[in-house]
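2 protein chains.
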Amino acid sequence: MKYHAVNMDKRRYVQRARAASAEVTRLRILDAAEASFDRGPLAAVRIDDVARRAGVSRSTVYTLFDSRRGLLVALAGRLREVAEFERLIEASMHPDARESLRRAQRESVRIFATRPELARALFTMAGVDADAVAAVAALEDGRRPGMVHLARRLEEQGQLRAGIGVKEAADLLSVATSFPAFDELFHALGLPEEVVADRLVALAERAVCRDE
Amino acid sequence: MKYHAVNMDKRRYVQRARAASAEVTRLRILDAAEASFDRGPLAAVRIDDVARRAGVSRSTVYTLFDSRRGLLVALAGRLREVAEFERLIEASMHPDARESLRRAQRESVRIFATRPELARALFTMAGVDADAVAAVAALEDGRRPGMVHLARRLEEQGQLRAGIGVKEAADLLSVATSFPAFDELFHALGLPEEVVADRLVALAERAVCRDE
DNA sequence: ATTTCATCGGACAGTGTGTATTCCGATGCA
DNA sequence: TGCATCGGAATACACACTGTCCGATGAAAT
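Respectively, the protein sequence lines represent chains A and B.
Quick note: to get the numbering used here, add 1 to the position in the first sequence (first position is 1).
Quick note: to get the numbering used here, add 1 to the position in the second sequence (first position is 1).
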């Protein structure tokens with residue numbers, strides 16, 4: 002309010018060392034937040050706590066991430082990176098639609114299994130907390146269109162099961178590749194990642210593809 | 002603590018009108034709580050709010066339901082009743098295993114669709130709030146064993162797909178009959194209840210049963 | 001007339017988020 | 001080297017919601 006006309010003909014600073022250390026701080030906070038998922042459900046992630054564990058003051062968390070929600074969105078963003086989200090995109094581009102389906106399904110499982118606790122927290126949060134949808138949107142973005150596209154390609158290549166339309170196929174693929182489907186097997190039933198992948202690939206293929 | 006030895010040789014009252022009106026109050030609160038799901042996610046269900054809408058004081062909610070969690074558990078209980086949960090059990094007992102699968106799947110969908118917002122809240126809550134598992138346990142109770150049993154019967158009756166074991170079948174049925182599978186189609190994709198039922202029956206059958 | 005009980009209404013403690021303000025000290029331009 | 005600038009700490013505060021406690025009220029039951 003009172004500093005509005007300050008920076009004319011003032012020095013313009015280009016931070017270097019400090020910007021670097023700021024980045025380190027940022028990462029420390031993200032690590033702390035991620036780690037706190039191991040000690041309980043989403044509700045257990047308290048800014049207070051994260052700050053303390055990161056060896057940072059609470060206000061710093063707010064200046065860097067704006068809000069609890071912002072912190073979670075940042076976590077989701079980092080999940081995309083650390084899980085190499087691009088590989089999923091890549092997998093969906095295989096010329097053989099059916100092979101594409103298999104690979105994309107496996108990539109999804111791989112991504113979810115990278116940080117299962119974090120992923121579960123983000124997804125469940127989205128169902129309960131309206132503010133949290135944003136965090137998940139970053140991960141879910143493009144899944145539905147991707148499934149529609151895949152279904153269309155399967156049809157073009159004559160791989161769709163008899164009597165099933167593109168729309169239905171897309172619907173079923175959406176279910177089979179969803180996080181909850183993964184989580185039901187991985188978390189609730191305790192199956193290892195590879196088995197989950199096998200199961201879900203089988204589920205998806207049987208649901209929408211013709212027998213080979 | 003201090004009222005332990007009170008009611009010896011005191012008058013024992015037989016409630017009539019008062020018990021009735023108490024029950025009415027209880028129902029008004031449950032209705033209000035349920036209605037508040039329409040105005041937002043679980044987090045939007047605030048005791049303050051529920052009390053006001055029920056035309057009841059906040060402390061009354063606490064005396065009747067103990068806590069927010071207690072209120073939600075009560076809601077889950079009422080869901081079981083209003084959704085006629087027994088019909089699912091009944092459906093699972095059909096002698097023909099495959100018919101049993103179809104019916105049970107449809108019954109699940111019907112139950113979930115009875116109060117979708119409430120159901121979603123309860124299920125997601127279980128993932129976020131460790132204390133809330135109890136509320137959902139009543140709804141999820143027996144689902145997994147039920148699926149194992151169903152898979153076993155399918156095998157006995159020679160209905161299992163070639164090369165698929167009882168364990169795998171149970172896993173896949175668990176996914177197909179889960180609430181999230183329903184929700185993905187009903188909520189995220191906006192399909193009407195009947196279509197959801199069709200889709201999920203198809204998914205389950207194709208996943209684990211041999212072709213007819 | 002008296003007892004009992006449902007309900008009320010408010011005070012209070014606890015815990016979490018989010019905001020605003022002030023201060024310190026390292027950084028880096030001149 | 002002097003000093004402006006910015007990262008971050010510290011602190012206090014507003015606010016929202018849950019829970020607990022307790023005395024008061026008035027209608028129902030005897």
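No residue lacks a Cβ here, since even glycine has one placed at the ideal position from N, Cα and C.
Classification of residue i by the beta-carbon crowding that lies within 10 angstroms, buried from 16 upward
i	result
PRO146 (chain B)	exposed
VAL7 (chain B)	Its pLDDT being 36, under 50, VAL7 (chain B) is placed unreliably in this model, and the value from its coordinates should be taken loosely. Flag for VAL7 (chain B) reads exposed.
LEU28 (chain B)	exposed
SER101 (chain B)	buried
ILE90 (chain B)	exposed
GLN160 (chain A)	buried
PRO193 (chain B)	exposed
ALA33 (chain A)	buried
VAL25 (chain B)	exposed
ALA163 (chain A)	exposed
SER93 (chain A)	buried
SER175 (chain B)	buried
VAL51 (chain B)	buried
ALA55 (chain A)	buried
GLU185 (chain B)	buried
GLU35 (chain B)	buried
VAL74 (chain B)	buried
PRO42 (chain A)	buried
GLU195 (chain B)	exposed
ALA120 (chain B)	buried
VAL134 (chain B)	exposed
LEU213 (chain A)	Note on residue identity: the sequence assigns Glu, not Leu, to residue 213 (chain A). That one is exposed.
CB contact check: residue i to chain A, cutoff 8 Å
i	result
SER179 (chain B)	yes
THR125 (chain B)	yes
ARG207 (chain B)	yes
LEU192 (chain B)	yes
LEU76 (chain B)	no
LYS11 (chain B)	Because LYS11 (chain B) carries a pLDDT of 45, less than 50, the predicted location of this residue cannot be relied on, and no value is offered for it.
ASN8 (chain B)	Bear in mind that the predicted position of ASN8 (chain B) carries a pLDDT of just 35, short of 50, making it unreliable; the figure below should be weighed with that in mind. With 8 Å as the cut-off, ASN8 (chain B) does not count as an interface residue toward chain A.
CB contact check: residue i to chain B, cutoff 8 Å
i	result
ARG200 (chain A)	yes
LEU204 (chain A)	yes
Rounded distance between the beta-carbons of residue j and residue i, thought under 8 Å
i	j	result
LEU76 (chain A)	VAL62 (chain A)	Not a contact, Cβ separation roughly 12 Å.
MET126 (chain B)	VAL129 (chain A)	6 Å
PHE38 (chain A)	PHE113 (chain A)	Not a contact, Cβ separation roughly 14 Å.
ALA208 (chain A)	ALA177 (chain A)	6 Å
VAL167 (chain B)	ARG153 (chain B)	5 Å
ARG1 (chain B)	ALA139 (chain B)	Any question about residue 1 (chain B) goes unanswered here, given that chain B covers just 2 to 213.
PHE66 (chain B)	PRO117 (chain B)	The pair is not a contact, with the Cβ atoms about 23 Å apart (cut-off 8 Å).
ILE205 (chain B)	LEU155 (chain B)	It should be pointed out that residue 205 (chain B) corresponds to Ala in this sequence rather than to Ile. 10 Å between Cβ atoms; not a contact.
ARG79 (chain B)	LEU31 (chain B)	6 Å
VAL110 (chain B)	VAL57 (chain B)	Not confirmed; about 34 Å, so no contact.
ALA1 (chain B)	ALA182 (chain A)	In the structure displayed, chain B extends from 2 to 213; residue 1 (chain B) sits before or after that span and is not available.
ARG40 (chain B)	ASP49 (chain B)	Not confirmed; about 14 Å, so no contact.
Per the contact definition of three or more C-beta pairs closer than 8 Å, is the segment 190-203 of chain A in contact with the segment 106-115 of chain A? yes
Can you give me, in chain order, the residues of the segment 41-70 of chain B that have a beta carbon less than 9 Å from any beta carbon in chain A? GLY41, PRO42, LEU43, ALA44 and ALA45
Closer than 7 Å, Cβ to any Cβ of chain A: which residues of the segment 163-190 of chain B, in chain order? Contact annotation: in the segment 163-190 of chain B, residues whose CB is within less than 7 Å of a CB in chain A are GLU169, ASP172, LEU173, SER175, VAL176, SER179, PRO181, ALA182, GLU185, LEU186 and LEU190.
If the cut-off is 8 Å on Cβ atoms, which residues from the segment 95-123 of chain B count as contacting chain A, listed in chain order? Within the segment 95-123 of chain B, those residues whose Cβ lies closer than 8 Å to any Cβ of chain A are, in chain order, ARG121 and ALA122.
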